[in-house]
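Just so you know, we're using the working numbering here: the sequence shown kicks off at 51 and counts up by one.
For each residue, glycine too, the CB sits at the ideal point set by N, CA and C.
Computed from a predicted model, the values in this text were never measured in an experiment.
Structure first, commentary second.
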Amino acid sequence: MGKKVSSAVIRRLPRYYRYLDELHAKGVVRISSGSLAAEMGLTASQIRQDLNCFGGFGQQGYGYNVEKLRNEIADILGLKNYSRAILIGVGNLGRALINNFNFNRCGFQLIAAFDVAPG
């Protein structure tokens, strides 16, 4: 039987993911548990305990590979299981969403877009 994970840990995972996603976008390669803890308002020990609930992602003296940890947390959260979406209403707002919103990053695969007015 799998290890039970507290609801507090589960609530923190999306916060970890969002911050790691920001770091990844900035090109940051690795982060220590201390740096991650400072950003999250937690202790380094708490970060390590949270992540150890799902396996060993870090390396002592090296920290965490940002891209790898981000991908692992995305898997845990089910963010790679895209839900198909259709956008109805492709006026100015709809076009702005299509051009500027990263649906995949939020767990959606945009498969179609419709509007009543052609054009």
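Looking at the unbroken alpha helix (DSSP H) that takes in residue i, where does it start and where does it end?
| i | result |
| --- | --- |
| Gln99 | Ala94 to Asn102 |
| Ala88 | Ser83 to Met90 |
| Asn150 | Asn142 to Asn150 |
| Val116 | Val116 to Leu127 |
| Tyr69 | Ser57 to Ala75 |
Whole-angstrom Cβ separation of residue i and residue j, contact assumed at under 8 angstroms?
| i | j | result |
| --- | --- | --- |
| Gln159 | Ala135 | 7 angstroms |
| Leu25 | Phe107 | Since the first residue of the chain shown is 51 and the last is 169, residue 25 is not available in this structure. |
Using CA coordinates, which residue listed in the options is at the minimum distance from residue i?
| i | options | result |
| --- | --- | --- |
| Val94 | Tyr69, Cys103, Gly84 and Leu101 | Per the sequence presented here, residue 94 reads as Ala, with Val not at that position. Here the closest residue by C-alpha is Gly84. |
| Tyr112 | Ser57, Cys156 and Arg80 | Arg80 |
| Val195 | Ala163, Ile138 and Ile126 | Since the displayed the chain opens at 51 and closes at 169, residue 195 lies outside it and no answer follows. |
| Asp165 | Gly157, Asn152 and Ile148 | Ile148 |
| Gly128 | Gly157, Phe104, Ile138 and Lys76 | Gly157 |
| Arg65 | Phe153, Ile97 and Leu143 | Ile97 |
| Asn152 | Tyr132, Ile138 and Gly139 | Tyr132 |
| Ser57 | Tyr67, Ser82, Gly139 and Cys103 | Cys103 |
So, using beta-carbon positions, are residue i and residue j closer together than 9 angstroms?
| i | j | result |
| --- | --- | --- |
| Leu63 | Ile123 | yes |
| Gly141 | Ala162 | no |
| Val116 | Val55 | no |
| Arg155 | Asp100 | no |
| Tyr69 | Glu89 | yes |
Starting from residue i and walking both ways along the beta strand (DSSP E), at which residues does that stretch end?
| i | result |
| --- | --- |
| Arg134 | Ser133 to Ile138 |
| Ala167 | No beta strand (DSSP E) contains Ala167, which DSSP labels as neither H nor E. |
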